[in-house]
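Some notes on the structure that comes next.
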Amino acid sequence: MRLLRLLQSFPVPADTTHRSRLNEVLTKIITHTEVTKSVNKNNADHSILFEAVNLIIKHGNDSDPQLRGQAVQLLGRFLRVKEPNIKYLGLGTMAALAALDGTGPAIRKNQQVVLDCLKETDVSIRLRALDLIFAMCDTSNAMPIVEALLVHVVTADYRIKQEMMLKLAILAERHAPSLNWYVDTILQMVSVGGDDVDDAIWHRVVQIVTNNESLQVYAARKLYDALAQSRPPPVVVKIGAYILGEFGVMLTGDDGTCAAAVGLAVWVRR
Amino acid sequence: MWVPLAVSAEERVRPEEQFNRLQTHFARCDNTAKGILLTAYCKMAVCYGGAIATGVDRVLATMATVFDAELQQRAVEYHHLPRLSPATLEIVLGDMPPYATAENVLERLDQARRLGNKNQAQFLPDAGKEKGEAGDGSNQDDAEEGAGGATETKAAETELNLTGIPTSAAPAPAPASSAGRTLVKVTDEMKPKVVAWFQAFGGASKGVLYEDAALQIGCQIAITEAEGVVNVFFGNKTATPFKAFRVRVQATPQLAVTQVDATPSEVPPGAQVKVAFNVACVMVRHVAGISVCGCGMRVR
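Protein chains in written order, with my numbering: chain A, 3 to 272; chain B, 274 to 573.
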């Protein structure tokens with residue numbers, strides 16, 4: 003284990019024979035480690051194993067792609083283990099692997115398992131799972147992930163809720179199929195977010211609506227409708243006030259410029 | 274000014290309805306929300322006049338006597354707005370201009386949280402080689418950091434830019450080309466990274482200024498009162514030496530810069546050279562600024 007850790011201090015061996023020897027050893031470690039019944043053996047095996055995977059991560063995209071694939075596969079098995087420590091390490095290490103080229107498809111195969119980890123009782127596992135979900139999300143799986151997170155946000159406790167909403171808002175913006183969808187998603191999120199919604203989230207919504215003329219009418223109408231409920235969350239009132247103040251005039255269907263001139267005259271004359 | 278956009282008949286909402294709907298929530302809002310509501314009301318009063326202006330006036334008059342000083346001041350100021358000239362009102366309560374900054378507050382927040390109190394500067398004199406030897410916990414952190422960093426980079430490629438602002442405007446403190454020899458070029462996809470390094474560097478005593486496949490530039494600063502030492506490290510990540518290596522640093526009116534000893538003319542492959550500067554702040558009340566303005570170096 004210490005040797006593996008020492009190796010992490012060095013770059014990938016330039017010499018091909020050394021490199022293939024190293025790959026051989028790593029493959030052996032990765033493919034021959036199993037979860038056994040003996041706790042001590044497990045601990046020893048896994049410390050070696052995780053150091054081996056860390057070495058692969060350290061070597062980054064220079065490491066053997068096949069090895070990366072095997073590592074992902076193995077960690078995928080670990081995610082399904084009940085033992086929380088293994089699960090925790092598996093999630094964290096996989097999130098690091100997600101950063102390397104070519105691991106995406108293999109990691110995404112574990113999507114459902116990772117989403118299930120959000121239901122764990124241990125909050126540190128849930129946070130790790132959230133990190134991994136964030137790392138594995140791309141255009142292909144953004145929709146189901148965002149939808150799943152929207153479900154989880156409702157029941158998430160305060161220790162993870164803010165983090166989840168922040169990640170959700172970033173993902174929704176990054177992978178939005180349309181601007182209207184983005185507004186719908188964020189509104190749905192903040193409506194269940196209660197008092198835990200970070201100010202940055204509504205600031206961002208306002209920024210996006212202000213900068214997209216095509217979105218303004220839709221957003222204004224959406225917010226007007228959202229305010230129909232008797233006790234909307236404070237953040238919805240804030241977004242609503244801002245959006246209706248700025249773009250509410252578009253909903254009136256009148257020529258705003260004309261109305262503005264008249265209104266101005268009236269207010270000033272008092 | 275506002276351009277009328279098509280709004281279908283069933284989507285239309287009369288101004289009074291909008292005002293009343295907002296007003297139903299006013300009483301139980303917190304003070305921040307009340308402040309935003311007051312601003313919205315004033316915009317409405319200016320826009321529609323009539324009954325809405327009267328309603329807004331009534332709210333402002335009530336709020337002008339509330340206990341919360343900030344809210345009260347806002348209400349009093351808004352109450353006096355109509356006495357200003359229409360031109361001023363137009364400026365004060367006109368449409369908000371589009372946001373000019375491309376910075377995503379959410380990404381910044383996420384990044385800040387992820388870094389947390391972790392050592393923000395990745396740079397160490399033996400860049401990237403130290404971390405593995407640290408204690409148990411740090412490996413996990415490394416892995417985490419690695420994942421985060423790469424997510425950011427991936428994001429930069431695929432991210433939808435909803436704000437419609439080009440994501441550039443980097444205060445790139447990076448080496449530029451010199452005398453027509455374009456060597457290290459800051460490409461567009463590098464810019465977010467450079468910005469991230471620069472931001473991570475703010476407030477830290479050491480950090481990475483620039484890094485790509487061939488070159489890493491790190492910086493370490495020690496300041497006591499008005500004087501200090503700035504060590505700039507140049508790492509050659511390639512297998513060939515950097516020949517005819519030169520460093521040019523530009524002093525600013527606020528900051529005197531003197532190089533401590535001569536710049537080595539060559540950076541061997543895989544090695545790192547240190548170039549030390551003494552800096553002194555010569556003008557008070559200005560933010561001292563130093564810029565490494567160009568590192569002419571020929572990679573052979």
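C-beta: ideal position from N, C-alpha, C; glycine also. These figures come from a predicted structure and were not determined experimentally.
Chain order gives the chain B residues near residue 234 of chain A as 298, where near means a beta carbon separation below 8 Å. From the listed residues B:304, B:329, B:352, the smallest Cα separation to residue 340 of chain B is found for B:304.
Judged by DSSP secondary structure, residue 293 of chain B falls within the alpha helix (DSSP H) whose first and last residues are 288-299. Cα atoms of residue 58 of chain A and residue 104 of chain A: separation of roughly 13 Å, rounded to the nearest angstrom. In this structure, residue 540 of chain B lies away from residue 506 of chain B, with their beta-carbon atoms at least 7 Å apart. Taking C-alpha positions only, residue 300 of chain B is separated from residue 147 of chain A by approximately 38 Å. A distance below 7 Å separates the beta carbons of residue 547 of chain B and residue 504 of chain B. The alpha helix (DSSP H) runs of length 4 or more contained entirely in the stretch 28-87 of chain A are, from start to end of the chain, 41-61, 67-81. Our two residues, residue 116 of chain A and residue 16 of chain A, have alpha carbons roughly 36 Å apart in a direct line. Using a 10 angstroms sphere on the CB of residue 65 of chain A, the tally of other CB atoms reaches 16 or more, which defines it as buried. Secondary-structure assignment with DSSP links residue 509 of chain B through a beta bridge to B:488. Flagged as an interface residue toward chain A: residue 309 of chain B, by a C-beta distance shorter than 7 Å.
Distance from the CA of residue 320 of chain B to the CA of residue 181 of chain A, rounded to the nearest whole angstrom, comes to 27 Å.
Bounds of any beta strand (DSSP E) do not take in residue 206 of chain A; it lies within the alpha helix (DSSP H) bounded by 201-213. Annotation: the continuous alpha helix (DSSP H) that includes residue 342 of chain B extends over 342-353. Beyond the five residues adjoining it in sequence on each side, residue 185 of chain A comes within less than 6 Å, by CB distance, of 221, 224 in the same chain, given in chain order.
In the same chain as residue 78 of chain A, and ignoring 5 residues on each side of it, the C-beta atoms closer than 6 Å to its own belong to 112, in chain order. Our two residues, residue 211 of chain A and residue 93 of chain A, have alpha carbons roughly 36 Å apart in a direct line.
Chain order gives the chain A residues near residue 294 of chain B as 226, 229, 230, 242, 246, where near means a beta carbon separation below 9 Å. Looking at the DSSP output, residue 550 of chain B shares a beta bridge with B:503, B:532. Residue 133 of chain A counts as buried, since at least 16 other C-beta atoms from the protein chains shown sit within 10 angstroms of its C-beta. For residue 161 of chain A, the enclosing alpha helix (DSSP H) stretches over residues 160-176. For residue 520 of chain B, there is no enclosing alpha helix (DSSP H), as DSSP marks it with neither H nor E. For the C-beta of residue 92 of chain A, not a single chain B residue is nearer than 8 Å; the gap to the nearest is close to 12 Å. Counting of Cβ neighbours within 10 angstroms places residue 95 of chain A among the buried residues, the total reaching 16 or more.
Burial check for residue 238 of chain A: the Cβ neighbour count within 10 Å reaches 16 or more, so the residue is buried.
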